[in-house]
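First up is the structure itself, then whatever we jot down about it.
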Amino acid sequence: MITERVAEQWDLELDDLFVNIGHRFGRVELRRRMRDYVRGLLAPVARKNSWQLAEQAGHATPDGLQHLLAGAKWNPDDIRDDLQEYVADKLGENDGVLIIDDTGFIKKGITSAGVQRQYSGTAGRTENCQIGVFAAYASVKGRALVDRELYLPKTWTEDRERCRAAKVPNEREFATKGELARHIVLRSLASPLPIAWVTADAAYGQESRFRRLLEQSGVGYVLAVPKSQFTVGCPRIEGLFAQAPAEAWERISCGDGAKGPRAYHWAAVRLPAVAEFDYQGEVPHRMRWALARRSISKPDEIAYYLAYAPLEAKVQELVRIAGTRWAIEECFQAAKNECGLDQYEVRRYVGWYRHITLAMLAHAFLAATAHQVQEKGATPVGQPGQSSSQWRRFGDSWQLVVPDHRTFVAAEDDTTP
Numbered sequence: 100m101i102t103e104r105v106a107e108q109w110d111l112e113l114d115d116l117f118v119n120i121g122h123r124f125g126r127v128e129l130r131r132r133m134r135d136y137v138r139g140l141l142a143p144v145a146r147k148n149s150w151q152l153a154e155q156a157g158h159a160t161p162d163g164l165q166h167l168l169a170g171a172k173w174n175p176d177d178i179r180d181d182l183q184e185y186v187a188d189k190l191g192e193n194d195g196v197l198i199i200d201d202t203g204f205i206k207k208g209i210t211s212a213g214v215q216r217q218y219s220g221t222a223g224r225t226e227n228c229q230i231g232v233f234a235a236y237a238s239v240k241g242r243a244l245v246d247r248e249l250y251l252p253k254t255w256t257e258d259r260e261r262c263r264a265a266k267v268p269n270e271r272e273f274a275t276k277g278e279l280a281r282h283i284v285l286r287s288l289a290s291p292l293p294i295a296w297v298t299a300d301a302a303y304g305q306e307s308r309f310r311r312l313l314e315q316s317g318v319g320y321v322l323a324v325p326k327s328q329f330t331v332g333c334p335r336i337e338g339l340f341a342q343a344p345a346e347a348w349e350r351i352s353c354g355d356g357a358k359g360p361r362a363y364h365w366a367a368v369r370l371p372a373v374a375e376f377d378y379q380g381e382v383p384h385r386m387r388w389a390l391a392r393r394s395i396s397k398p399d400e401i402a403y404y405l406a407y408a409p410l411e412a413k414v415q416e417l418v419r420i421a422g423t424r425w426a427i428e429e430c431f432q433a434a435k436n437e438c439g440l441d442q443y444e445v446r447r448y449v450g451w452y453r454h455i456t457l458a459m460l461a462h463a464f465l466a467a468t469a470h471q472v473q474e475k476g477a478t479p480v481g482q483p484g485q486s487s488s489q490w491r492r493f494g495d496s497w498q499l500v501v502p503d504h505r506t507f508v509a510a511e512d513d514t515t516p
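Residue 100 is where the sequence shown starts when you use the working numbering, and the numbers rise one by one after that.
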């Protein structure tokens with residue numbers, strides 16, 4: 100039960116957060132408007148646009164809050180940096196996971212920065228929308244959004260007049276979602292966030308440049324890939340797992356969902372090492388894996404993953420990281436439902452970044468508060484391809500043996516993958 104004393108404590112902690120970021124706003128009026136805006140995003144306001152947030156704050160008009168988003172001098176990237184430090188302090192763990200994904204924001208018209216008819220995974224269809232690429236941080240303490248980039252299609256970046264009208268910076272050129280994701284990962288790895296793993300869906304996992312960036316950065320990953328993904332010893336990853344013996348599949352939960360443990364049949368196989376990335380001198384320090392997740396009730400439904408992990412990593416750990424990817428979907432849902440992430444009415448480029456960043460800050464505060472409640476024990480309100488490679492058992496694990504490739508065996512797992 101949330102008592103008045105607990106509510107007062109949370110209010111004080113929110114004030115502490117405002118004090119920590121207040122120096123990013125040069126004038127006292129801006130600091131007050133920022134506080135009112137974030138408090139409004141956290142309040143039970145039906146529609147979290149400038150008009151209703153102004154009414155919640157007791158303002159006669161929305162002009163001040165609109166100016167905060169559109170005309171005032173402050174840099175949302177500075178707030179993003181403060182947000183990452185806050186999340187690292189409140190939710191950070193040494194085995195933390197960075198999750199990359201994008202989400203859509205349905206919009207009318209053609210003037211909002213980056214808007215066009217494009218596929219939105221959020222809607223599950225092509226819509227007139229904006230797309231944002233995001234990173235979430237997840238640990239046993241909680242999860243929160245920690246970075247964002249607005250995707251600008253070529254129809255925008257090739258029309259500089261349109262960009263100027265939406266206040267898109269002149270230096271902003273076309274970048275794919277994968278390129279935006281790589282920028283986000285590099286920033287996150289340079290931040291105070293303790294990150295041991297990165298995970299993402301197949302749209303990002305299939306990009307070799309994205310995987311190489313993570314390998315060069317020395318961070319582990321479990322990335323979804325399409326069934327046509329090439330892997331060592333097999334032209335298609337689905338063909339690799341078509342060779343898997345029946346005993347290679349094991350029922351493992353990849354985490355709890357709304358209806359309990361999310362259990363699937365999983366198969367995992369060790370892949371040959373790549374000397375450039377997997378060795379330190381002559382000593383191996385990383386292991387490559389391919390994983391497959393098969394539905395128990397619908398065995399024809401199989402998802403595939405590539406993983407890059409420390410030698411001591413067990414299959415259960417890789418499965419857990421794969422399951423962590425859903426945390427960003429929960430972040431999107433909570434940030435939209437509770438903090439108005441998608442309820443903005445700004446059209447200009449800078450306005451999008453300002454609203455989104457403040458909404459992320461509000462969501463991070465909720466995540467930190469939820470962890471605090473739990474700590475105190477309260478109740479929180481095709482056809483398979485052919486291959487010359489073979490699956491072979493080594494002790495209690497499986498390894499892919501490919502002719503004429505350098506391979507090695509890591510420490511044995513406690514269970515069969």
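All residues carry an ideal CB built from backbone N, CA and C; glycine is no exception.
- Looking at Asp377, Arg369, Ile395, the one whose alpha-carbon comes closest to that of Tyr363 is Ile395.
- Note that the stretch 247-260 does not touch the stretch 295-315; fewer than 3 beta-carbon pairs, one per stretch, sit closer than 8 Å.
- The beta carbon of Ala467 is closer than 6 Å to those of Lys189 in its chain, skipping five residues each way along the sequence.
- Taking C-beta separations shorter than 8 Å and ignoring five residues to either side along the sequence, the partners of His462 in its chain run Ala243, Leu244, Cys430, Ala433, Ala434, Glu437, Cys438, Leu440, following chain order.
- Glu337 is classed as buried because its beta carbon has at least 16 other beta carbons within 10 Å across all chains shown.
- Residue pairing by DSSP places Tyr250 opposite Ile230 in a beta bridge.
- Val144 carries a coil assignment under DSSP once its states are collapsed to helix, strand and coil.
- Taking the Cβ atoms as the reference, Leu164 lies roughly 6 Å from Tyr136, within the contact range of under 8 Å.
- With a 10 Å radius around the Cβ and a threshold of 16 neighbouring Cβ atoms, Thr423 comes out buried.
- Apart from sequence neighbours up to five positions away, the residues of its chain that approach Ala391 with a beta-carbon distance below 6 Å are Phe340, Ala366, Ile401, Tyr403, ordered along the chain.
- Within the stretch 333-384, the complete alpha helix (DSSP H) runs of at least 4 residues fall at 336-341, 374-377.
- Contact between Tyr452 and Pro175 holds: their C-beta atoms lie close to 4 Å from each other, under 8 Å.
- For the pair Glu272 and Arg259, the Cα-to-Cα distance works out to about 10 Å.
- In the DSSP assignment, the residues bridged to Trp388 are Arg369, Ala406.
- In the DSSP annotation of this structure, the continuous segment of the alpha helix (DSSP H) that includes Asp162 starts and ends at 162-169.
- Taking all protein chains in view, the Cβ of Pro371 is crowded by 16 or more other Cβ atoms within 10 Å, so the residue is classified as buried.
- Ranked by Cα distance from Phe376, the first of Asp115, Gly450, Arg387 is Arg387.
- Where Leu182 is concerned, the enclosing alpha helix (DSSP H) starts and stops at 175-190.
- Taken in chain order, the complete alpha helix (DSSP H) segments of 4 residues or longer contained in the stretch 269-340 are 276-289, 301-304, 307-316.
- Linking Ile209 to Arg261 through their CA atoms gives a straight-line distance of about 10 Å.
- Ranked by how close their Cα comes to the Cα of Leu167, the residues Ala412, Met133, Leu182 have Met133 in first place.
- Between Cys353 and Ile230, the alpha-carbon positions lie close to 28 Å from each other.
- Residue burial annotation: Gly319 is buried, with at least 16 other C-beta atoms found within 10 angstroms of its C-beta.
- With a threshold of 16 other beta carbon atoms within 10 Å, Thr225 falls short and is exposed.
- The beta carbon of Pro360 is closer than 7 Å to those of Ser352 in its chain, skipping five residues each way along the sequence.
- One thing to note: Gly195 has its Cβ within 7 Å of the Cβ of Tyr236.
- For Ala264, the CB contacts under 8 Å within the same chain, skipping 5 residues up- and downstream, are Thr210 in chain order.
- Only residues of its own chain outside the window of five on either side were considered, and among them Arg123 have a CB closer than 7 Å to the CB of Asp177, listed in chain order.
- Cβ atoms of Trp173 and Leu111 stay farther apart than 8 Å, at about 24 Å.
- For the set Phe309, Thr256, Asn193, the Cα lying nearest the Cα of Glu270 is the one of Thr256.
- With a contact defined as Cβ atoms closer than 8 Å, Val267 and Leu251 qualify at about 7 Å.
- The beta-carbon distance between Val321 and Ile420, rounded to whole angstroms, is 4 Å. This is short enough to meet the 8 Å contact definition.
- The three-state reading of DSSP puts Phe124 in coil, since its state is none of H, G, I, E or B.
- For Arg134, the secondary structure class from DSSP, reduced to helix, strand or coil, is helix.
- In this structure Leu152 does not touch Phe464 by the C-beta definition: roughly 16 Å separates them, more than the 8 Å allowed.
- The straight-line gap separating the alpha-carbon atoms of Gln215 and Arg138 is approximately 32 Å.
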